[in-house]
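In the working numbering, the protein residues as written are 316 to 627. We put the CB at the ideal spot given by N, CA and C, even for glycine. Okay, structure first, notes after.
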Ligand code: BMA
């Protein structure tokens, strides 16, 4: 197969779209942003690492999906209350947004002295933010919610493990109330190769005629550090525990200088995905834990790649 078919995303020519010079207050880096369309505009919820090395979340708005203006002040900062405070003491990281009915749910990594765990909060207006749950114990991150209930239950994909060189696989859990999660099952496991060290889901699933489409990252440990690349996964619409397709090869990876160099080199880390009416996907990704970049690809081409490898 030709390279262009195997690698369906095209980088935006003015990448990176956001760097720390675009943030109106002092910080170290801006990366790993959730994306959503809200009231006719594009919204990114950015992970910003401050000068102490801890992260918070700040909004950035755009009319065209390419040129973003970052707000003057942080939006979601680590909680200080009795329930969440200790678990967010080292920062809030890597948000993903899923709209379910009229509310927008944000899954993020709560990072504290015991390790990372998955937290879920909700907003309807992108002004107020209500924390709903610390959905998992440590060590867990890379969580996304499905945009609708399936069989009467909310569905969450997460990634337990994967720390200190341990293997990390992609799992599915379900809940009746968004607070208590269980019935955990493995969806996709790390196998020797480009994602041999660990996997994690990258973007919230979107409903397509072929199944739920979600992108995932695969990590390969190399003598010069971790290498983060991207694959995609197709899940059965009625039974999302059933993998009906995935790309056994990676479809996007670090190549450009802003992906190859930075605080953590050789990382592309998408958290945001927007499907346009003409079938183009806009994928917003962190580059080298230092910038935010954008790449675009056709939904139909990506679905065809996913279907090329069926079953687990
Ligand atoms: C992961 C997460 C991401 C980060 C990536 C590369 O474990 O912490 O936020 O982009 O590592 O450093």
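Cβ-Cβ separation, residue 584 to residue 543 (assumed contact under 8 Å), whole Å: That pair is a contact at about 6 Å.
message: Output needed for residue 328: all residues of its chain with C-beta closer than 6 Å, excluding positions within five of it in sequence on either side, in chain order.
response: The answer is none, since no qualifying residue turns up.
- prompt: If you measure from the CB of residue 567, is any heavy atom of the ligand BMA nearer than 7 Å?
  reply: Result no, Cβ not under 7 Å from the ligand BMA.
field: For residue 397 and residue 611, the rounded distance between their alpha carbons
entry: Between residue 611 and residue 397, the alpha-carbon positions lie close to 42 Å from each other.
message: Alpha carbons only, please: which of 402, 435, 532 and 406 is nearest the one belonging to residue 453?
response: Taking residue 453 as reference, the option from 402, 435, 532 and 406 with the minimal CA-CA separation is 402.
query: According to the neighbour-count rule (16 or more other Cβ atoms, all chains shown, within 10 Å of its Cβ), is residue 499 buried or exposed?
result: With fewer than 16 Cβ atoms within 10 Å of its Cβ, residue 499 is classed as exposed.
- request: Check residue 620 in the structure and name its three-state DSSP category.
  value: The answer is helix: DSSP assigns residue 620 an H, G or I state.
task: Report yes if the C-beta of residue 347 is less than 7 Å from at least one heavy atom of the ligand BMA; otherwise report no.
output: Yes, the Cβ of residue 347 comes within 7 Å of a heavy atom of the ligand BMA.
- request: Determine, using beta-carbon pairs with one atom in the stretch 576-583 and one in the stretch 472-491, whether at least three such pairs fall under 8 Å.
  value: Taking one beta carbon from each stretch, the stretch 576-583 and the stretch 472-491 have fewer than 3 pairs nearer than 8 Å; the two do not touch.
query: If you check the beta carbons only, do residue 334 and residue 606 fall under 8 Å apart?
result: In this structure, residue 606 lies closer than 8 Å to residue 334 by Cβ.
- request: Return the chain-ordered list of same chain residues with a C-beta closer than 8 Å to the C-beta of residue 575, the five sequence neighbours on each side being excluded.
  value: Around residue 575: 569, 581 and 603.
- prompt: Leaving out the 5 sequence neighbours to the left and right, which residues in its chain are closer than 7 Å to residue 483 when beta-carbon positions are compared?
  reply: Cβ neighbours of residue 483 beyond the five flanking positions: 474, 476, 477, 505, 513, 514 and 515.
- prompt: residue 549 and residue 561: beta carbons closer than 8 Å?
  reply: In this structure, the beta-carbon distance from residue 549 to residue 561 falls below 8 Å.
- prompt: Alpha carbon to alpha carbon, how far is residue 432 from residue 565?
  reply: Going by the C-alpha atoms only, they are around 27 Å apart.
message: Just list the residues that DSSP pairs residue 344 with in beta bridges.
response: As a beta-bridge residue in DSSP terms, residue 344 pairs with 364.
query: Which value, in whole angstroms, describes the spacing of the CA atoms of residue 627 and residue 336?
result: Because residue 627 sits at a pLDDT of 43, beneath the cut-off of 50, its placement in the model cannot be relied upon, and the following sentence gives the value as read from the coordinates. Rounded to whole angstroms, residue 627 to residue 336 spans 44 Å at the Cα level.
- prompt: For residue 421, is the classification buried or exposed, using 16 other Cβ atoms within 10 angstroms of its Cβ as the cut-off for buried?
  reply: It is buried - the Cβ of residue 421 has at least 16 other Cβ atoms within 10 Å.
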